[in-house]
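Here is the structure we will look at.
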Amino acid sequence: MSYVDEVIERVIKENPNEPEFHQAVREVLDSLRPIVDKNEEAYRRDALLERIVNPERQIKFRVPWVDDKGQVQVNTGYRVQYNSAIGPYKGGIRLHPSVNLGIIKFLGFEQIFKNSLTGLPIGGGKGGSDFDPKGKSDREIMAFCQSFMTELCKYIGADTDVPAGDIGTGAREIGYMYGQYKRIKGVFEGVLTGKGLTYGGSLARTQATGYGLLYIVDEMLKCHNDTLVGKTIVVSGAGNVAIYAIEKAQQLGGKVVTASDSTGWVYDPDGIDLAALKEIKEVKRQRLTEYKNYRPNSEYHDGKGVWSIKCDIALPCATQNELNLEDAKMLVNNGVSVIAEGANMPTTADATEFILNSGVYFLPGKAANSGGVATSALEMSQNSERLHWSFEEVDSKLKGIMVNVYHNIDDAAKKYGYEGNYVIGANIAGFEKVAIAMTAQGIV
Ligand code: NDP
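Residue numbers (the working numbering): 38 to 481.
Rendered as structure tokens:
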């Protein structure tokens, strides 16, 4: 049995009931075969793969809080500090009822390679809780965030582990968590990113993941003598990533015709009205059913369905495994030419394989959505310097980073004989740097 297969088998055996984690490990290790084969003796001797699939530390804790009726609620909190070979642990906090250890491990594992791809000194980590922010009052959200941070603050710090937002954790939640950290620790430091602009946040962080997604797509198209101008684009999600992906896609001349949330989706053949979408989601925190009130010509449908719409470019920006084989077939039959992942692992493994074999350009999340964490790292730099950079400065650095990410993954794919396969390119390019650092730092 090959070294890669041995490690995959061991991961499945030692981490039962964690299908998303197995999926992420399999996807990464499978595509590392070319580099592992070349270095098998050294990697085996150092148990490099066994070490990289095992988190350095995983923390699980109780989060008790009191709801508006005076009832005590108890949630579970997690922080997986996965790999610090190239910098402090960095990765978001997900608040969603589906959160469990396996989900946080899958996200943390992916984060190692994504963070490495940005070229910035950040290690991999992820955290979260099964708390559901939907329908909670502001006071309940604050009570949860304060309790969550009361425990988490023992394990994080500006030079050790710097969490950020993710699904369910936006500026409001980061604010409450930051306030509690500062109160307990008594230090004003860049321990979280995604902070508000008046207390250490970075301009352009809100936009970064969505904008970065479009910058990398734009660069890839340029390298293939194409452009975003006039392209029909289908987006899933209506959260932070989706909204700013739509904004930049429109600015670059594309026409985005869909958005979705966990209840349904909208099709607006005239192009999504971004101001309406922002008001519904960012200001009023409502469901997408409201969109029709702003745009009577649009259609609202319950459930999922954006992938049935004919398009040139598809951008999954909601959640994991939201684009399956059937969806991929519909997209390809309808003539899609680019699929780029704004979300983490939104495409199932069989759908990814189908897409790669169908000649469609496929940009995996760890490259395509790395603009968010890259800008978080820029926020850390600004906090360390105690300076604020202008929007233009951060945005232009973000653009430069995404252009570099594209060329890194393209070069790595070519170097190992898989030209155009950006899944292999991204995994190898992200892994190589971490592997060199781990080897140099000895058996730790
Ligand atoms: P948000 O919470 O802001 O938005 C998530 C969107 O996806 C919402 O529209 C939500 O609908 C929808 N959604 C969530 N879960 C499901 C589900 N199970 N089924 C269908 N729709 C769902 O999160 P973000 O935009 O920040 O994150 C989206 C994705 O991007 C995630 O995979 C995240 O890990 C990834 N990502 C985010 C980064 C960031 O900077 N924010 C950076 C890199 C990756 P509803 O409102 O109804 O729940």
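Ideal placement from N, C-alpha and C gives every residue a C-beta, glycine not left out.
Asked, Found
"Quick one: any contact between the segment 271-278 and the segment 342-356, if contact means 3 or more CB pairs under 8 angstroms?", "yes"
"In the DSSP assignment, find the beta strand (DSSP E) that holds Ser-297 and state where it starts and stops.", "295-297"
"Short of 7 angstroms in beta carbon distance, which residues of its chain neighbour Tyr-331, apart from the five on each side in sequence? Order them along the chain.", "Asp-310 and Ala-313"
"Val-199 and Pro-125: beta carbons closer than 7 angstroms?", "yes"
"Spatial neighbours of Val-278 within its chain, please: CB distance less than 6 angstroms, with the 5 preceding and 5 following residues excluded, ordered by chain position.", "Thr-246, Gly-247, Cys-354 and Gly-379"
"Any heavy atom of ligand 1 closer than 6 angstroms to the CB of Gly-165?", "no"
"Taking the DSSP output, what are the residues bridged to Tyr-398?", "Val-375"
"Following the continuous beta strand (DSSP E) through Lys-3, name the residue where it begins and the one where it ends.", "Because residue 3 is not part of the residues shown, which for the chain are 38 to 481, the question remains open."
"Between which two residues does the beta strand (DSSP E) carrying Val-111 extend?", "109-120"
"Would you report the Cα separation of Asp-448 and Ser-297, rounded to the nearest angstrom?", "34 angstroms"
"So which of Ile-204, Tyr-337, Ile-140 and Asn-152 has the shortest CA-CA distance to Gly-52?", "What sits at residue 52 in the sequence shown is Asn, not Gly. That would be Ile-140, whose Cα lies nearest to the Cα of Asn-52."
"Using the rule of at least 16 other Cβ atoms within 10 Å of the residue's Cβ for burial, across every protein chain shown, is Gly-290 buried or exposed?", "exposed"
"Could you give the first and the last residue of the continuous beta strand (DSSP E) run that contains Arg-526?", "Since the first residue shown for the chain is 38 and the last is 481, residue 526 is missing from the structure and cannot be characterised."
"Please classify His-338: does DSSP put it in a helix, a strand, or coil?", "strand"
"How is the alpha helix (DSSP H) around Ile-130 delimited, first residue to last?", "No alpha helix (DSSP H) holds Ile-130; the beta strand (DSSP E) holding it covers 126-132."
"Can you round the beta-carbon distance between Ser-166 and Val-136 to whole angstroms, since I take them to be within the 8 angstroms contact cut?", "6 angstroms"
"Any chance the CB of Asp-203 is under 6 angstroms from a heavy atom of ligand 1?", "yes"
"Can you round the beta-carbon distance between Thr-155 and Val-410 to whole angstroms, since I take them to be within the 8 angstroms contact cut?", "6 angstroms"
"Here's the rule I'm using: 16 or more other beta-carbon atoms within 10 Å means buried, otherwise exposed. How should Ile-392 be labelled?", "buried"
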